[in-house]
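Each residue of the sequence shown is one higher than the last, beginning at 65 in our numbering.
Just so it is clear, CB atoms sit at the ideal spot from N, CA and C, and this is done for glycine as well.
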Amino acid sequence: MRDLIFLGCDVGGTKTLAVLSDEEGNILAVYKGHGANYQVVGKENALKNLKGVINGVLERAGKNLEDVDFAFFGYAGADFEYEMKIVRKILEKLGFKSFDFDNDGRIALRSGTFNDVGIMVSCGTGSISYASDGKRVNRIGGLSFSLGERLGSHYIASLVTSAVVRAKDGRDDWTLLVDEVEKEIGPVETLLRYDYEGGDISEIVKKVNQILFKCAEDGDTVSLRIFNEIVIEVKKIVDAHRKTLNFTPPIRLILEGSFFKNAPLLLIKMIESAVGREYKITIPKHDPVIGAVLFAMEHSGFQITEELYTRLVENYLKEVKG
């Protein structure tokens, strides 16, 4: 009797990551391809790009579509019922015998703990938070700045550039950020062109936030204020989940996303201090796509043990680093 095969897929706007695993947690293949969020690339390109990623991971593993017992997708932008219907129609065209999906933030929570109990706060390009107490799941955010978001690397970079302009014109305190940011990207006022002309500013955002990390570690007061704003927002999210769900301490707090994964220990320690002793902070080294694999296993009737979870994560890290 053959081992069951599971596919997990993390579908984003800029990239899509697929992982093929067996029931023992052995990684059969990993494949990264183009983004397939239909809101970014359109429905036709979403399907085309998804097929490319699926074919890529299957070919790399020497498997066929029919070999996959269950596929699970974490899909960026799957927020409301009408979006869920669109995503389902796209995924149905892939031809899997069994599949399901959820928002990509949901798989980020699932990937961070073997038993799916804890609070996940993500700070990547944008932000979203999911929490589960083992009985109920709660979601907070994941929409836009105008609809309440106060995290995300782009938003945080805007706090930095705002601080630079306000320091230069005297509205706020002087900060090391002025010299460090403008030495790296030039006068911040030139960024105004992106408001009118558009364009990809992801590299600028990355550079600006790296400078924020450095200046905060150097003791810059304004940079530390920005760190404090981040800490306050994380605590507000955590406290909001606690009002809805029932947890037994210690509570796993999963900090997910590129911003947290690259942040200095100083910021993590500040968050740790703010949330208190009831929480145990985890910053996963692996990608959220592992959560999609775990959901695929669970939909097939598998109970995820800590041993299976650990083996799956370790095998994935070996695969992507090897």
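Item to check | Paired residues, beta bridge with Leu317 - DSSP | outcome: For the purposes of this step, residue 317 is taken as residue 253 along the sequence shown, with counting starting at 1. Paired residue(s): Ile183, Ile345.
Checklist entry - Hey, would you say Cys279 sits closer than 7 Å to Glu246, going by beta carbons? => result Counting from 1 along the sequence shown, the entry for residue 279 is found at position 215. Counting from 1 along the sequence shown, the entry for residue 246 is found at position 182. Contact: no.
Checklist entry - Do you know how far the Cα of Ile268 is from the Cα of Val201? => result Here residue 201 is taken as the residue at index 137 of the sequence shown, counted from 1. Here residue 268 is taken as the residue at index 204 of the sequence shown, counted from 1. In a straight line, the C-alpha of Val201 is about 35 Å away from that of Ile268.
Next on the checklist: Once DSSP output is grouped into helix, strand and coil, what is the label at Thr369?
Outcome noted: What you label residue 369 is simply residue 305 of the sequence shown in a count that begins at 1. Correct three-state label for Thr369: coil.
Checklist entry - Taking three-plus beta-carbon pairs below 8 Å as touching, is the segment 256 to 270 in contact with the segment 216 to 223? => result yes
Item to check | Three or more C-beta pairs below 8 Å linking the segment 335 to 342 and the segment 111 to 118 | outcome: no
Checklist entry - For Thr80, which residues from the same chain have a beta carbon less than 8 Å from its beta carbon, with the 5 sequence-adjacent residues on both sides left out? => result The sequence position of residue 80 within the sequence shown is 16, counting from 1. These residues qualify, in order along the chain: Cys73, Asp74, Lys96, Gly97, His98, Gly99, Ala100, Asn113, Leu114, Val117.
Item to check | Runs of beta strand (DSSP E) lying entirely within the segment 78 to 154, each at least 3 residues, in chain order | outcome: 79 to 86, 91 to 98, 134 to 139
Next on the checklist: Which of the three DSSP states is assigned to Ile265 in this structure?
Outcome noted: Residue numbering aside, residue 265 sits at position 201 when the sequence shown is read from its first letter. Three-state DSSP puts Ile265 in coil, outside helix and strand.
Checklist entry - Roughly how many whole angstroms lie between the Cα atoms of Gly190 and Ile301? => result As a position in the sequence shown, residue 190 is number 126, starting the count at 1. As a position in the sequence shown, residue 301 is number 237, starting the count at 1. Those two C-alpha atoms are separated by around 15 Å.
Item to check | For Asp351, the nearest candidate out of Tyr373, Leu330, Phe366, Tyr380 (CA to CA) | outcome: Residue numbering aside, residue 351 sits at position 287 when the sequence shown is read from its first letter. Closest by alpha carbon: Tyr380.
Checklist entry - Within this structure, are the beta carbons of Ala304 and Ile204 separated by less than 7 Å? => result Within the sequence shown, numbered from 1, the residue matching residue 304 stands at position 240. Within the sequence shown, numbered from 1, the residue matching residue 204 stands at position 140. It is a contact, given that the beta carbons lie within the stated cut-off.
Checklist entry - If you draw a straight line from the alpha carbon of Ser226 to that of Gly283, how long is it in whole angstroms? => result Counting from one through the sequence shown, the residue named residue 226 turns up at place 162. Counting from one through the sequence shown, the residue named residue 283 turns up at place 219. Taking the straight line from one Cα to the other gives about 19 Å.
Checklist entry - How is the beta strand (DSSP E) around Phe165 delimited, first residue to last? => result Your numbering for residue 165 matches position 101 in the sequence shown. Where Phe165 is concerned, the enclosing beta strand (DSSP E) stretches over 163 to 167.
Checklist entry - Of the residues Leu215, Glu297, Ile183, which one's Cα is nearest the Cα of Ala172? => result Along the sequence shown, read from residue 1 onward, the residue named residue 172 stands at position 108. Of the listed residues, the one whose Cα sits closest to Ala172 is Ile183.
Checklist entry - If we call anything under 7 Å between Cβ atoms a contact, is Val229 one with Leu241? => result Locating residue 229 in the sequence shown gives position 165, counting from the first residue. Locating residue 241 in the sequence shown gives position 177, counting from the first residue. No, these two residues do not count as a Cβ contact at 7 Å.
Next on the checklist: In chain order, what are the residue ranges of uninterrupted alpha helix (DSSP H) at least 4 long that sit wholly in the segment 274 to 320?
Outcome noted: 285 to 308
Next on the checklist: Only counting the same chain, and skipping five residues up and downstream in sequence, which positions put a Cβ closer than 7 Å to that of Gly89?
Outcome noted: Position 25 of the sequence shown holds residue 89. Answer for Gly89: Leu372, Arg375, Leu376, Asn379, listed in chain order.
Next on the checklist: For the segment 315 to 332 against the segment 357 to 368, do three or more pairs of beta-carbon atoms, one drawn from each stretch, fall closer than 8 Å, so that the two count as touching?
Outcome noted: no
Next on the checklist: For Ile315, tell me which candidate among Ser364, Phe324, Lys325, Thr346 has the shortest Cα-Cα distance.
Outcome noted: Locating residue 315 in the sequence shown gives position 251, where the first residue counts as 1. Of the candidates Ser364, Phe324, Lys325, Thr346, the one whose C-alpha sits nearest the C-alpha of Ile315 is Thr346.
Checklist entry - Can you tell me whether DSSP reads Gly159 as helix, strand or coil? => result The residue labelled residue 159 in the question sits at position 95 within the sequence shown. Here Gly159 sits in coil by DSSP.
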